[in-house]
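Peer 1: The structure under discussion is supplied below as structure tokens; questions concerning it will follow.
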Amino acid sequence: SAVRTLLFGFLGRKIYRPGLHFSLASVSSNLRFGAWLTADSIINYVNTNLSTLVLARILGASVAGGYNLAYNVAVVPPMKLNPIITRVLFPAFAKIQDDTEKLRVNFYKLLSVVGIINFPVLLGLM
């Protein structure tokens, strides 16, 4: 096994030698896309945490802690459930994207099901 590894390493180096060249033009579209994703993540983070920061500054850490706990209890269950539903139903909606009436009917069904699932969770918070 060790001999084979050494042999593959030696022959592999003879056959393929990677170069150290970099072209900014070849990655510019990915960098632009990544910049938009990064900006979106930063804005989302600020939007999510700004209310807690303002409460902590104005009313103190204990009030902000209670608010943050209640916010997480209200937001986390749908945040965990909705991506699963999206991951499952996106391909189904992609298949019927050309039939707008069928897409509309199924979208309203999806909203009803998500509401039926999320409503008891949110009702339990009251």
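Take my numbering: the last position of the sequence shown gets the number 380, and nothing is skipped along the way. Yeah, the Cβ is synthetic: ideal placement off N, Cα and C, and Gly gets one too. Computed from a prediction, not measured in an experiment: that's the story for all the values here.
1. Could you tell me which of Pro374, Asn322, Ser277, Val367 sits nearest to Leu307, measuring between CA atoms?
2. What is the rounded straight-line gap between the Cα of Ala315 and the Cα of Leu365?
3. For a test of the three-state rule: what should DSSP assign to Ser255, helix, strand or coil?
4. At a cut-off of 7 Å, would you count Thr354 as near the ligand MG, judging by its Cβ distance to the nearest heavy atom?
5. Tell me where the alpha helix (DSSP H) around Asp352 begins and ends.
Peer 2: Straight from the coordinates:
1. Counting from 1 along the sequence shown, the entry for residue 307 is found at position 53. Minimum Cα distance to Leu307 is reached at Asn322.
2. Indexing the sequence shown from 1 puts residue 315 at position 61. Indexing the sequence shown from 1 puts residue 365 at position 111. When rounded, the distance between both Cα atoms is 37 Å.
3. Looking up residue 255 in the sequence shown gives position 1. Here Ser255 sits in coil by DSSP.
4. Among the components modelled here there is no ligand, and therefore nothing to report on the ligand MG.
5. What you label residue 352 is simply residue 98 of the sequence shown in a count that begins at 1. Element bounds for Asp352: n/a, residue is neither H nor E.
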